[in-house]
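If you want it as structure tokens, here you go:
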């Protein structure tokens, strides 16, 4: 009888979903975009992807090794080495996801040492120095991309390769030139490794939606707000060709479904997620329509990440048992 009243410490509800499982689902969802990027740009894309993944995983492992040595100055032999691997955070696969996302946001012609430096920055500066997974205040892959855009602007905007030469579709669109929206939707255009094919990105996004890893609150409000902004301020009204080109071009789909939905750097409140998506849509529209560049997804999401604590503060749901203007228990 006493066993019926035995209560353990919280949490009392546990989920079978693990960090490894979530990260593995994201990796699988990114495979279509990565595969098309390799098909579209050739073997050089494989090299960039491998370099960024190796740099992120190795950086996280070495940082963990440093912490272990610091905390265990008198560690002993092979048994301790085994415990290092068992306790290493690289097993949660988050570093692999960061490396893949960073690679898909890079041009195929980027020097490999720059790609490796971006991976090191993402893990060491943005993630591990702030406490590791769950403590970083902005998306590591996007923060690394912004760091590289500021540090190596020429290399990060050089999209000429063996397959394509000339400006990206978004740059051509901003210059008032005509673009082929079908090629943009399929992915037969210049751009970063993983952003060109809308079909591949939507395939991965549908997988995440079906698996319950993400929902449409942030991506939906993000894309709808962006489209409305372009209709009002883009100067082309309801022109379907212009609108489809804006949606298909650049990193909008990659950012909306794979980076804005990051569990760590998005709001946890439901209302906050809608506010977050609307903010991203507005900022992306401002950067693209009124800014000097043709893109703006990365900067929009980074700015949104910085505002997440403020968004959560003002969208926090009312606690059960409270009424606005009253006290606990008042009706």
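Numbering (this note's numbering), first residue to last: 39 to 369. We treat Cβ as the ideally placed atom computed from N, Cα and C, and that holds for glycine. In this text the structure is predicted, and so the values were computed from the model without any measurement.
Length of the line joining the Cα atoms of residue i and residue j
{"i": "residue 86", "j": "residue 199", "result": "14 Å"}
{"i": "residue 133", "j": "residue 89", "result": "13 Å"}
{"i": "residue 292", "j": "residue 337", "result": "14 Å"}
{"i": "residue 148", "j": "residue 138", "result": "15 Å"}
{"i": "residue 266", "j": "residue 274", "result": "12 Å"}
{"i": "residue 299", "j": "residue 257", "result": "7 Å"}
{"i": "residue 382", "j": "residue 60", "result": "As displayed, the chain neither begins before 39 nor continues past 369, which places residue 382 out of reach and without an answer."}
{"i": "residue 233", "j": "residue 108", "result": "41 Å"}
{"i": "residue 245", "j": "residue 208", "result": "27 Å"}
{"i": "residue 117", "j": "residue 158", "result": "Reliability fails at residue 117, whose pLDDT of 48 lies under 50, so the model's placement of it is uncertain and the value that follows must be treated cautiously. When rounded, the distance between both Cα atoms is 29 Å."}
{"i": "residue 126", "j": "residue 345", "result": "31 Å"}
{"i": "residue 239", "j": "residue 110", "result": "44 Å"}
{"i": "residue 106", "j": "residue 171", "result": "17 Å"}
{"i": "residue 248", "j": "residue 65", "result": "15 Å"}
Residue i, enclosing alpha helix (DSSP H) - first and last residue
{"i": "residue 312", "result": "308-328"}
{"i": "residue 166", "result": "Careful: residue 166 lies outside any alpha helix (DSSP H) and carries neither H nor E."}
{"i": "residue 210", "result": "207-212"}
Cβ separation of residue i and residue j, assumed to be a contact under 8 Å, to the nearest whole Å
{"i": "residue 144", "j": "residue 231", "result": "6 Å"}
{"i": "residue 263", "j": "residue 320", "result": "6 Å"}
{"i": "residue 228", "j": "residue 192", "result": "No, residue 228 and residue 192 are not in contact; Cβ-Cβ is about 16 Å, not under 8 Å."}
{"i": "residue 324", "j": "residue 184", "result": "Going by Cβ atoms, the distance from residue 324 to residue 184 rounds to 16 Å, so no, they are not a contact pair."}
{"i": "residue 342", "j": "residue 314", "result": "6 Å"}
{"i": "residue 322", "j": "residue 334", "result": "5 Å"}
For residue i, the three-state DSSP class (helix, strand or coil)
{"i": "residue 355", "result": "coil"}
{"i": "residue 194", "result": "helix"}
{"i": "residue 184", "result": "helix"}
{"i": "residue 369", "result": "Here residue 369 scores only 45 on pLDDT, less than 50, and its place in the model should not be relied on; the value that follows carries that caveat. Reduced to three states, the DSSP call for residue 369 is coil."}
{"i": "residue 350", "result": "helix"}
{"i": "residue 216", "result": "coil"}
{"i": "residue 337", "result": "helix"}
{"i": "residue 296", "result": "helix"}
{"i": "residue 202", "result": "coil"}
{"i": "residue 154", "result": "helix"}
{"i": "residue 176", "result": "coil"}
{"i": "residue 280", "result": "helix"}
{"i": "residue 287", "result": "coil"}
Practice task
Identify every run of the alpha helix (DSSP H) within the stretch 218-277, keeping only runs that are complete inside it and at least 4 residues long; order them along the chain.
Solution key: 219-224, 236-249, 255-271
Problem - Contiguous alpha helix (DSSP H) assignments of at least 4 residues, all confined to the stretch 63-151 - result: 81-109, 115-125, 132-142
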